[in-house]
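Residue numbering for the sequence shown follows numbering that gives the first Met the number 0, beginning at 0 and increasing consecutively.
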Amino acid sequence: MTAALFDLGIRLRAADTGRIQPRLAQTPWFPAGDPIAVLVQGHRVTVHPAGGAPRHADGNDGIALLTEPYERLVNSPADAPPRWPTLIVRSSTDLDALHRLARQVPFDHPARPVGALVDWWSQRSEHPGSNAVVTAIEHCRTRWATGQPPEDENELSTWLRWLGIDAPGPTSALLAVADRLWDGERNPILERVAYPAPHAERLLDEAQQAFTDALNTTPPVAPKELDRLQKRIDKATERLTAARTRGSYDDEAAAELRDRHTDGIRWTTNDTPVTAAIGMASREGAESGWERCLMHDPIGHQRARYSGKVMHGTISTGFNDGVMSMTTTDNCRYRPGDTIALTVTGLDGTAHTTNAEVMGLAVNRAGLTIHFRPTGRRKWHDDVAAGWPVVAEPGRSGIGSPDRDLIARNYNAAGWTVDPAADIPQVRRMDMTLIGLLTIANPVGDPA
0 MTAALFDLGI RLRAADTGRI QPRLAQTPWF PAGDPIAVLV QGHRVTVHPA
50 GGAPRHADGN DGIALLTEPY ERLVNSPADA PPRWPTLIVR SSTDLDALHR
100 LARQVPFDHP ARPVGALVDW WSQRSEHPGS NAVVTAIEHC RTRWATGQPP
150 EDENELSTWL RWLGIDAPGP TSALLAVADR LWDGERNPIL ERVAYPAPHA
200 ERLLDEAQQA FTDALNTTPP VAPKELDRLQ KRIDKATERL TAARTRGSYD
250 DEAAAELRDR HTDGIRWTTN DTPVTAAIGM ASREGAESGW ERCLMHDPIG
300 HQRARYSGKV MHGTISTGFN DGVMSMTTTD NCRYRPGDTI ALTVTGLDGT
350 AHTTNAEVMG LAVNRAGLTI HFRPTGRRKW HDDVAAGWPV VAEPGRSGIG
400 SPDRDLIARN YNAAGWTVDP AADIPQVRRM DMTLIGLLTI ANPVGDPA
């Protein structure tokens with residue numbers, strides 16, 4: 000079984016039942032902003048806010064239709080996350096067309112500053128998991144599958160038919176599609192990213208309840224344990240304060256747009272090297288974090304097993320000289336040196352998670368044996384026994400959180416196209432076998 004066959008099975012089931020089939024059991028997107036549907040047809044722009052009526056205009060006047068949500072964002076109070084609008088378009092092609100129209104507005108036109116909002120939407124669309132932009136066709140293809148050929152799913156009419164949406168106009172249809180995308184059971188990890196304050200409130204409530212229970216316990220809890228519980232409360236309080244101040248990653252990005260407006264920085268100004276490095280790290284963090292979060296979706300998790308990104312197995316040997324081994328029959332994309340997250344479930348049902356480095360792989364009669372070295376020191380390492388179930392998946396990181404080391408690498412990585420002192424790549428001709436060529440073309444993917 001491969002991921003491609005898994006996808007084909009979903010599509011065949013949709014064709015057989017005549018009903019749309021989920022690719023994800025949980026919705027990864029949430030209504031975090033004020034929805035605005037925008038339709039671009041040549042130079043004509045249609046803007047339709049949720050609960051309002053659609054308005055039409057051409058060229059510069061079309062961009063001016065977005066003045067109200069832009070001013071509401073940049074004029075929001077500085078002591079709280081700004082209220083930003085969620086853009087809903089047919090596809091990324093429409094977003095690119097809207098961005099081009101915004102850049103064509105003359106500098107002396109009143110609608111010129113509004114292009115900053117369009118540019119912000121364009122940047123947020125490059126961050127998977129962002130709730131600032133809904134590209135209806137791409138989002139639908141991520142969450143569902145129809146029984147029609149894949150090329151038919153590039154048309155919005157296909158999704159409207161399979162979703163059973165009958166709207167009076169194209170922008171009303173976009174709003175209806177967004178409502179369907181937001182409906183359903185929510186991915187709990189991505190929900191915490193979109194709504195950090197409610198999650199932080201729950202953590203604080205749990206910490207306070209644990210402290211209260213400890214005070215009422217007989218016999219009394221040791222003072223050292225009470226100190227630990229108090230530190231847990233303090234940490235949860237700090238987290239809640241930060242969540243209410245900064246909000247989600249979309250909130251932080253909107254606050255940055257508001258600050259640039261306050262400082263009088265034009266949205267067409269080129270990024271500084273530091274800003275560009277942070278932007279690259281943010282996009283890479285969002286991409287990797289989004290992929291990891293989808294692996295916690297029941298259907299996404301199963302597909303990841305067929306693609307080799309997630310493996311289920313059992314511990315074949317416990318920790319020996321700091322190295323643990325697991326045996327699996329799943330596909331494997333990992334290579335020595337990769338960092339992964341291990342979740343080991345003990346006989347009592349308690350799950351322990353730690354990061355680990357892949358040390359080596361070996362094929363045997365039982366399947367594939369993978370050797371890991373945990374990167375942290377945990378007491379439970381000494382208690383791990385053979386036969387315990389274990390799950391290996393890509394190392395975890397916060398979605399959209401720029402890593403300091405990654406920012407530094409991006410900042411210092413002057414490529415040969417911009418650094419005159421860098422070595423220019425040279426073309427080299429050499430003989431290569433077919434299997435070698437296929438390995439380079441698809442080093443860790445599914446067999447062709």
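All C-beta atoms, glycine included, are put in the ideal place defined by N, C-alpha and C.
These numbers come from a predicted model, not from an experiment.
* Option nearest Pro148 by Cα separation, candidates Leu7, Met310, Cys139, Ala166 -> Leu7
* Asked: Between the C-alpha atoms of Pro373 and Ile314, what's the straight-line distance to the nearest angstrom?
  -> 14 Å
* Heavy atom of the ligand HEM less than 7 Å from the Cβ of Pro297, yes or no? -> In terms of ligand content, the structure shown is empty, and the ligand HEM therefore cannot be addressed.
* Could you check the C-alpha separation between Arg231 and Trp83 for me, to the nearest Å? => 33 Å
* Residue range of the unbroken alpha helix (DSSP H) whose run includes Thr244 -> 222-245
* Would you tell me roughly how many angstroms separate the C-alpha atoms of Leu341 and Val88, rounded to the nearest one? => 39 Å
* Do Ala110 and Ile188 come within 8 Å of each other at the CB atom, strictly closer than that value? -> no
* **Rounded straight-line distance, which links the Cα of Glu224 to that of Trp120** => 48 Å
* With which residues is Arg54 paired in a DSSP beta bridge? -> Val46
* State whether the stretch 37-52 contacts the stretch 158-177, with contact taken as three or more CB pairs (one from each stretch) at a distance under 8 Å. => yes
* If you scan the stretch 116-166 from start to end, which runs of the beta strand (DSSP E) of 3 or more residues do you find wholly inside it? -> 132-134
* Asked: Just how far apart, CA to CA, sit Thr240 and Pro195?
  -> 10 Å
* Own chain residues within Cβ distance below 6 Å of Glu286, not counting five before or after -> Pro127
* To do: For the stretch 151-163 and the stretch 254-268, state whether three or more C-beta atom pairs, one from each stretch, are separated by less than 8 Å.
  => no
* Asked: For Asp33, which of helix, strand or coil comes out of DSSP?
  -> strand
* **Minimum length 3: unbroken beta strand (DSSP E) runs contained in the stretch 258-289** => none
* **Residue interval of the alpha helix (DSSP H) (run including Pro187)** => 187-193
* Among the residues of its own chain, which have a CB less than 8 Å from the CB of Trp387, if the five just before and after it don't count? -> Thr313, Ile314, Val343, Thr344, Gly345, Leu346
* Asked: For the candidate residues Ser124, Glu392, Leu174, whose alpha-carbon lies nearest to that of Glu283?
  -> Ser124
* Asked: By the 10 Å Cβ neighbour count, where 16 or more other Cβ atoms means buried, how is Gly246 classified, buried or exposed?
  -> buried
* What are the boundary residues of the alpha helix (DSSP H) that includes Val176? -> 169-181
* Asked: Can you list the alpha helix (DSSP H) stretches of 4 or more residues lying completely in the stretch 2-31, in chain order?
  -> 2-16
* May I have the straight-line CA-CA distance separating Arg257 from Val273, to the nearest angstrom? => 19 Å
* To do: On a CA-only basis, which of Ala79, Arg54, Val390, Ala385 is nearest Thr244? Give me that one, please.
  => Ala79
* Which residue comes first and which comes last in the beta strand (DSSP E) that contains Ser324? -> 322-327
* How big is the Cα-Cα spacing for His370 and Thr326? -> 9 Å
* Confirm, please, whether the CB-CB distance from Trp143 to Gln20 is below 8 Å. => yes
* If you count every other CB in all the chains shown that lies within 10 Å of the CB of Val117, and 16 or more means buried, which is it? -> buried
* To do: With a threshold of 16 other CB atoms inside 10 Å of the CB of Gly183, please say whether the residue is buried or exposed.
  => exposed
* **Whole-angstrom C-beta distance between Phe29 and Trp181, which should lie under 8 Å** => 6 Å
* To do: Run the CB neighbour count on Ser129, radius 10 Å, all protein chains shown included, and call it buried at 16 or more, exposed below.
  => buried
* Asked: With a CB to CB cut of under 7 Å and the five nearest residues on each side skipped, what residues in its chain are close to Leu159?
  -> Ala172
* What residues in its chain sit with their C-beta under 7 Å from that of Ala13, if we drop five residues either side in the sequence? -> Ile19, Gln20, Ala144, Thr145, Gly146
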